[in-house]
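K.L.:
Following this message is one structure expressed as C-alpha cells.
In UniProt numbering, the protein residues as written are 1 to 345.
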C-alpha cells in the first residue's frame with residue numbers, strides 16, 4: 001500500500017467492505033456491507049463487527065448485554081443449586097416417619113434384618129433406602145369368624161364367632177418375621193375354625209342351645225390359648241350367631257308345639273280338678289249349713305225362715321226400685337203388697 005501511495009495511486013477499498021467510518025467517541029468503526037473480516041481487519045474492528053452499536057451511537061445495548069449475561073449466570077447457579085437442594089429435601093422427608101397414637105413400628109434394615117426394638121409413638125429418623133418402618137395397629141380390633149360344622153348328634157350347625165384381638169406389643173418384631181403385617185388374616189381364621197369344630201362336636205344340638213354360655217366359655221379358653229402361641233392377645237370371644245339345619249329347626253318347632261299342647265292339657269286337667277274340689281267343698285259347706293238350719297228350726301220354730309224371707313224381699317225390692325215403671329210389688333197368698341217408695345225421702 002505504501003508503494004501505491006508513492007506512485008500517486010488512491011488506495012482501493014477492501015473488496016469485502018464498501019465503507020467504514022469511525023463512530024465518534026467509541027474507537028470502533030461501523031461497516032456497511034457484508035459482515036465479514038479479513039486478515040487485515042484489526043482486533044477492534046472484529047469486536048465492533050460482532051457487537052455493532054446502535055445507529056445513534058449510544059452504549060445502551062452493551063449494558064443490556066451485560067445484564068443478560070448476569071441473569072444467565074444467576075439462572076445457571078440456581079439450576080445447579082436446585083438439584084442438590086431437591087435431593088436434600090427428598091432425603092430429609094424420607095428420613096423421617098411418624099408413629100401415630102395406638103400404633104407401634106418395627107424397623108427393617110437391609111443389612112441386619114428386623115431390629116428387635118419396638119418404636120413407640122412420635123417422630124423418628126431412619127436411613128433412607130437402607131431402612132424401612134413397618135407400622136402396626138396395636139389397638140383392640142373386632143373380627144368375625146364364621147364356620148359350619150356338625151354337632152355330636154350329627155346336626156349341621158352354622159356359627160359366627162366375634163373375637164376382640166390385639167398383637168403383643170413386645171413381640172412385634174417376631175410377629176413380623178414369622179407372620180408379616182397381616183398376621184390376623186393368617187392366624188385367626190384357621191385357629192378359629194379349628195377350635196369351633198372341636199368344641200361343637202362335643203355337644204348335641206339341643207345342648208348347644210340350652211348350654212350356650214358353657215359352650216362359649218370353652219371356645220374362649222381354647223382359642224385364647226391357641227392365639228397366645230402366635231403372640232396374639234384375645235380380649236373377648238363370644239358366639240353371636242347360631243343356626244341349625246332346616247329339618248332340625250322344624251323338629252324343634254314341632255317339639256315346642258307338642259310341649260305347649262301338653263302344658264295346655266295339663267292346665268285343663270288341673271283346672272277341672274280344682275273345680276271339682278271347689279264343688280265338693282261347696283257341697284260340704286251347704287250340707288253343713290242345711291244341717292245347722294234344720295237344727296235351728298227344730299229348736300226355735302220357723303222364725304229363722306221368716307227372717308230369711310224378709311231379707312230376700314228387701315233385696316228384691318232394692319233391685320226393682322231402680323226401675324221407674326215398678327211402683328209396688330203384688331201381694332202373695334195373703335194378699336199383702338210392698339210399696340217400693342217406703343223409706344225414701
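Glycine included, C-beta positions come from ideal geometry on N, C-alpha and C. These numbers come from a predicted model, not from an experiment.
Considering just the uninterrupted stretch of the beta strand (DSSP E) at residue 214, what are its terminal residues?
P.N.:
Note, residue 214: premise wrong, no beta strand (DSSP E); alpha helix (DSSP H) at 212-228.
K.L.:
Do you know whose CA, among 172, 227, 282, lies nearest residue 236's CA?
P.N.:
Per the Cα distances, 227.
K.L.:
Within 9 angstroms (strictly less), CB to CB, does residue 269 reach chain D?
P.N.:
The displayed structure is made up of one protein chain only, and chain D is not part of it.
K.L.:
Tell me the residue span of the alpha helix (DSSP H) that contains residue 178.
P.N.:
Unbroken alpha helix (DSSP H) run through residue 178: 172-178.
K.L.:
Exposed or buried, which one is residue 136 when buried takes at least 16 other CB atoms within 10 Å?
P.N.:
It is buried - the Cβ of residue 136 has at least 16 other Cβ atoms within 10 Å.
K.L.:
At what residues does the beta strand (DSSP E) containing residue 237 begin and finish?
P.N.:
Counting along the chain, the beta strand (DSSP E) containing residue 237 begins and ends at 232-244.
K.L.:
Please check the pair residue 140 and residue 166, which I expect to be a contact at CB under 8 angstroms, by giving their CB distance rounded to whole angstroms.
P.N.:
Confirmed, Cβ separation roughly 5 angstroms.
K.L.:
State yes or no: is the C-beta of residue 175 within less than 9 angstroms of the C-beta of residue 230?
P.N.:
In contact: residue 175 and residue 230 (Cβ atoms closer than 9 angstroms).
K.L.:
How long is the line joining the alpha carbons of residue 130 and residue 110, rounded to whole angstroms?
P.N.:
Rounded to whole angstroms, residue 130 to residue 110 spans 6 angstroms at the Cα level.
K.L.:
By Cβ distance, which residues of its chain are closer than 8 angstroms to residue 55, with the 5 residues on each side in sequence left out?
P.N.:
Any reading at residue 55 must be qualified, since the residue scores a pLDDT of 47, below 50, and its modelled position is unreliable; no value is offered.
K.L.:
For the region 190-203 against the region 141-149, do three or more pairs of beta-carbon atoms, one drawn from each stretch, fall closer than 8 angstroms, so that the two count as touching?
P.N.:
These segments touch.
K.L.:
Would you kindly check if the distance between the Cβ of residue 160 and the Cβ of residue 138 is under 9 angstroms?
P.N.:
No.
K.L.:
Quick check for students: name the residue ranges of the beta strand (DSSP E) that lie wholly in the region 67-120, counting only runs of 3 or more.
P.N.:
Correct list: 96-99, 103-109, 113-119.
K.L.:
Roughly how far, in whole angstroms, is the beta-carbon of residue 245 from the beta-carbon of residue 155, given that I think they are within contact range, below 8 angstroms?
P.N.:
Confirmed, about 6 angstroms.
K.L.:
Tell me the DSSP secondary structure of residue 144 in three-state form.
P.N.:
It is a strand residue.
K.L.:
Helix, strand or coil: how does DSSP classify residue 201 here?
P.N.:
Looking at residue 201 - three-state DSSP - the assignment turns out to be coil, as it is neither helix nor strand.
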